[in-house]
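Visitor: Below is the structure I would like to discuss, written out as structure tokens.
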Amino acid sequence: MVVTLVLTTRLSKSERSYWEGWQQHKDPEAGNYLVERYLPLVDYIIQRFAFSLPKTVDKDDIRSLAYEGLLDAFDKFNIERDLKFETYATWRIKGAVIDGLRTRDWLPRSIRDKVKKIEKAYIELEQQKNASVTDEDVSAYLGITKAELNKTVAEAALSSMVSIDEPDYNENDPSGKYSTLEDNRAASPEKHLTEQAIKESLAQAIDRLPEKEKLVVSLCYFEELKLTEIAEVLSVSVSRVSQLHSKAILRLRAATLAVHDHY
Numbered sequence: 001m002v003v004t005l006v007l008t009t010r011l012s013k014s015e016r017s018y019w020e021g022w023q024q025h026k027d028p029e030a031g032n033y034l035v036e037r038y039l040p041l042v043d044y045i046i047q048r049f050a051f052s053l054p055k056t057v058d059k060d061d062i063r064s065l066a067y068e069g070l071l072d073a074f075d076k077f078n079i080e081r082d083l084k085f086e087t088y089a090t091w092r093i094k095g096a097v098i099d100g101l102r103t104r105d106w107l108p109r110s111i112r113d114k115v116k117k118i119e120k121a122y123i124e125l126e127q128q129k130n131a132s133v134t135d136e137d138v139s140a141y142l143g144i145t146k147a148e149l150n151k152t153v154a155e156a157a158l159s160s161m162v163s164i165d166e167p168d169y170n171e172n173d174p175s176g177k178y179s180t181l182e183d184n185r186a187a188s189p190e191k192h193l194t195e196q197a198i199k200e201s202l203a204q205a206i207d208r209l210p211e212k213e214k215l216v217v218s219l220c221y222f223e224e225l226k227l228t229e230i231a232e233v234l235s236v237s238v239s240r241v242s243q244l245h246s247k248a249i250l251r252l253r254a255a256t257l258a259v260h261d262h263y
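For the sequence shown, position 23 (counting from the first letter as 1) is numbered 23 according to full-length UniProt numbering, and the numbering increases by one without interruption.
Below, the structure is given as structure tokens:
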């Protein structure tokens with residue numbers, strides 16, 4: 001499905017009337033117009049979440065949460081600001097989905113504990129080697145089989161998604177938590193130093209990723225391809241792409257955790 005949305009920031013008179021009609025009077029006609037216009041954004045974001053959702057998650061539940069996020073964005077979007085609605089709504093929708101998943105606690109504590117051990121293994125092994133480590137390295141370090149490692153990575157996909165995509169927006173700056181790394185107005189020199197270290201650590205971690213994992217990250221976050229599209233590019237199964245994505249995110253999260261532990 002190709003998502004086609006108008007990306008203009010200046011509203012036409014007719015569109016402004018719809019926004020005002022909904023925000024000021026909850027006019028049904030205006031609401032229907034906005035939903036029809038921007039519902040493809042919900043479909044697009046659900047496709048993006050497909051990378052990280054385990055099979056136990058009901059896709060209808062995800063759609064419901066995403067739709068609630070879209071409606072929330074309709075109510076809170078400031079039409080006077082020079083900001084694309086798509087940008088604002090994307091973080092509102094992602095936030096609604098992540099908050100909903102956390103509330104329902106889809107990931108068992110046993111899986112969370114295993115994830116922490118894997119992250120610790122990545123931290124310690126990659127610090128020792130100053131290079132990316134293989135599945136065999138991590139499996140041997142943890143005393144488990146490669147099959148057990150891959151099973152845990154697959155089960156931990158939701159944890160990976162939440163940790164890297166968790167939004168931390170507010171009404172004036174609807175952006176992700178990592179966008180704060182660009183804030184040069186930070187009052188604390190220590191905070192600025194930590195943020196710079198995180199950026200450098202992430203850049204190094206991305207550069208160290210195995211080629212396939214690096215390619216999946218690039219196609220996912222820079223080219224914005226869907227799960228199925230990346231599978232076609234790499235000539236592998238969709239589940240394999242999801243596995244590569246999860247491993248890459250675990251490595252990157254481990255890199256940021258190492259910086260936080262150091263400071």
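Beta carbons are placed, not taken as given, at the ideal position from N, Cα and C, and that holds for glycine. All values reported here derive from a predicted model rather than from experimental measurement.
Under a three-way DSSP split, which group does Tyr-169 fall into?
Guide: The pLDDT assigned to Tyr-169 is 43, lower than 50, so where the model puts this residue is not dependable; a value taken from the coordinates is nonetheless given after this. Three-state DSSP puts Tyr-169 in coil, outside helix and strand.
Visitor: Once DSSP output is grouped into helix, strand and coil, what is the label at Thr-90?
Guide: It is helical.
Visitor: Please confirm whether Val-216 and Thr-228 have their CB atoms less than 7 Å apart.
Guide: No, the Cβ-Cβ distance between Val-216 and Thr-228 is not below 7 Å.
Visitor: I need the DSSP call for Arg-81, collapsed to helix, strand or coil.
Guide: Residue state, collapsed to three classes: coil.
Visitor: DSSP three-state call for Asp-183: helix, strand or coil?
Guide: Confidence at Asp-183 is low in this model, with a pLDDT of 44, below 50, so the placement of that residue is unreliable and no value is reported for it.
Visitor: Under 7 Å, Cβ to Cβ, is there at least one residue of chain B near Phe-74?
Guide: Among the chains of the structure shown, chain B does not appear; only one protein chain is present.
Visitor: According to DSSP, simplified to helix, strand and coil, what is Gly-21?
Guide: Residue state, collapsed to three classes: helix.
Visitor: Decide if the region 56 to 70 is in contact with the region 80 to 88; the criterion is three or more beta carbon pairs, one per stretch, under 8 Å apart.
Guide: Segments in contact, no.
Visitor: Could you pull the start and end residues of the alpha helix (DSSP H) that Glu-136 belongs to?
Guide: Counting along the chain, the alpha helix (DSSP H) containing Glu-136 begins and ends at 135 to 142.
Visitor: Within 10 Å of its beta-carbon, does Gly-143 have 16 or more other beta-carbons around it, so buried, or fewer, so exposed?
Guide: Exposed is the call here.
Visitor: For a quick check, are the C-beta atoms of Leu-70 and Val-42 less than 7 Å apart?
Guide: Against a cut-off of 7 Å, the Cβ pair of Val-42 and Leu-70 comes out as a contact.
Visitor: Nearest to residue 318 by alpha carbon, out of Ala-121, Lys-129, Ile-93 and His-245?
Guide: Since the first residue of the chain shown is 1 and the last is 263, residue 318 is not available in this structure.
Visitor: In this structure, does DSSP put Pro-40 in helix, strand or coil?
Guide: Helix, per DSSP.
Visitor: Return the residue from the list Glu-148, Gly-100, Ala-96 and Leu-101 that minimises the CA-CA distance to Lys-117.
Guide: The option with the nearest alpha carbon to Lys-117 is Glu-148.
Visitor: For the alpha helix (DSSP H) holding Val-115, just list the boundary residues, first then last.
Guide: Segment 109 to 129, the alpha helix (DSSP H) holding Val-115.
Visitor: Here's the rule I'm using: 16 or more other beta-carbon atoms within 10 Å means buried, otherwise exposed. How should Thr-152 be labelled?
Guide: Buried, because 16 or more other Cβ atoms sit within 10 Å of the Cβ of Thr-152.
Visitor: Using the Cβ count rule (16 or more neighbours within 10 Å means buried), how would you classify Phe-74?
Guide: It is buried - the Cβ of Phe-74 has at least 16 other Cβ atoms within 10 Å.
Visitor: If we call anything under 7 Å between Cβ atoms a contact, is Val-138 one with Ala-121?
Guide: Against a cut-off of 7 Å, the Cβ pair of Ala-121 and Val-138 comes out as a contact.
Visitor: If I'm right that Ala-205 touches Leu-252 with Cβ under 8 Å, what's the distance once you round it to whole angstroms?
Guide: So it is a contact: roughly 5 Å between Cβ atoms.
Visitor: What separation, rounded to the nearest whole angstrom, lies between the Cα atoms of Asp-207 and Ser-14?
Guide: If you take the alpha carbons of Asp-207 and Ser-14, they lie about 48 Å apart.
Visitor: Is Val-241 helix, strand or coil when you go by DSSP?
Guide: Val-241: helix per DSSP, three-state reduction.
Visitor: Less than 7 Å between the C-beta atoms of Gln-47 and Lys-199, yes or no?
Guide: The answer is no: Cβ separation not under 7 Å.
Visitor: Taking Leu-234 as the reference, give the member of Lys-212, Glu-223 and Glu-124 with the closest Cα.
Guide: Looking at the Cα atoms, Lys-212 is the closest of the given residues.
Visitor: Please state if the CB of Leu-125 and the CB of Val-133 are separated by a distance shorter than 7 Å.
Guide: For Val-133 and Leu-125, yes; Cβs fall inside 7 Å.
Visitor: Keeping to the same chain, check which residues put their C-beta closer than 7 Å to that of Ala-214; ignore five residues upstream and five downstream.
Guide: First, the residue type needs correcting, since residue 214 is Lys and not Ala in the sequence shown. These residues qualify, in order along the chain: Ile-206.
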